[in-house]
Amino acid sequence: MDCVKFMNVICVFAIPFFISLYFIVEFQPNFYKYPKSDPKKLKEAIIVALILHIILSIVLTLWHQRRIKAKKQMQKIGDNYYQIQGNIQAQSDSSD
Numbered sequence: 001m002d003c004v005k006f007m008n009v010i011c012v013f014a015i016p017f018f019i020s021l022y023f024i025v026e027f028q029p030n031f032y033k034y035p036k037s038d039p040k041k042l043k044e045a046i047i048v049a050l051i052l053h054i055i056l057s058i059v060l061t062l063w064h065q066r067r068i069k070a071k072k073q074m075q076k077i078g079d080n081y082y083q084i085q086g087n088i089q090a091q092s093d094s095s096d
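Here it is in structure tokens:
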């Protein structure tokens, strides 16, 4: 499995995880008794983690699409090179 496909799968499963974690902290304040922490800071940390996760997933997907386009372009350049070499070889064979 490609790294990008793996990260997309992680993204699909992680977003509901972050959302459910936020709702647990929001609606069940006694859920996180130990260690004693400020629920507001915990909610902010969950939101920041979700946003960073979404941004990294988008960047990784865009990078993957760019990489695919570059590979296709390299393949096209290679095909054109061999086609030109074949034409030059055919011309030199016909002139002999």
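So for the sequence shown, the UniProt record's numbering puts the first residue at 1; every next one is plus one.
A virtual CB, placed ideally from N, CA and C, is assigned to each residue, including glycine.
Subject >> Candidates Phe-18, Ile-10, Lys-5: closest to Ile-51 by CA position >> reply: Phe-18
Original post:
Just to confirm, are Ile-55 and Tyr-22 a CB contact at a threshold of 8 Å?
Top reply: no
Subject >> 6 Å CB neighbourhood of Cys-11 in its chain, flanking five on each side removed >> reply: Ser-57
Subject >> Option nearest Ala-49 by Cα separation, candidates Gln-85, Val-9, Ala-14, Lys-69 >> reply: Ala-14
Original post:
How close, in whole Å, do the beta carbons of Val-25 and Lys-43 come, if the pair is a contact with beta carbons under 8 Å?
Top reply: 5 Å
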